[in-house]
Amino acid sequence: MVKSIGASGQISLGKEFAGRQVLIESPAKGVWIIRTATITPDHEPWPEEEKAQTGLKKGRTGKTPSPDQTSRKKSQA
321 MVKSIGASGQ
331 ISLGKEFAGR
341 QVLIESPAKG
351 VWIIRTATIT
361 PDHEPWPEEE
371 KAQTGLKKGR
381 TGKTPSPDQT
391 SRKKSQA
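Read in order, the letters of the sequence shown correspond to residues 321 to 397 in my numbering.
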């Protein structure tokens, strides 16, 4: 696939990639590797991590109090 870089420095990859996040690597001058990616912000745990999975399972079963429930208990004490 051959693309031209526009005057504003943009490259169109096509509608199938619209809105997607990508990783762009430049292993050498004039060489770019563009890969689609799913980016998770630092403040959100990775669902694949064992600790996060355990927390998600507890949350689904109702064994972990919500932040709202925890703050109510502290204010009643």
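Don't be surprised by glycine CBs; every beta carbon is placed ideally from N, CA and C.
- A straight-line Cα-Cα distance of about 34 Å links Leu343 and Lys378.
- Per DSSP, Ala357 is one residue of the beta strand (DSSP E) stretching across Val351 to Ala357.
- The residues Ile331, in chain order, have a CB closer than 8 Å to that of Ile325 in the same chain once the five nearest residues on each side in sequence are set aside.
- With a cutoff of 8 Å on beta-carbon distance, Gln341 and Ile359 are scored as near each other.
- Counting along the chain, Pro347 sits inside the beta strand (DSSP E) bounded by residues Gln341 to Ala348.
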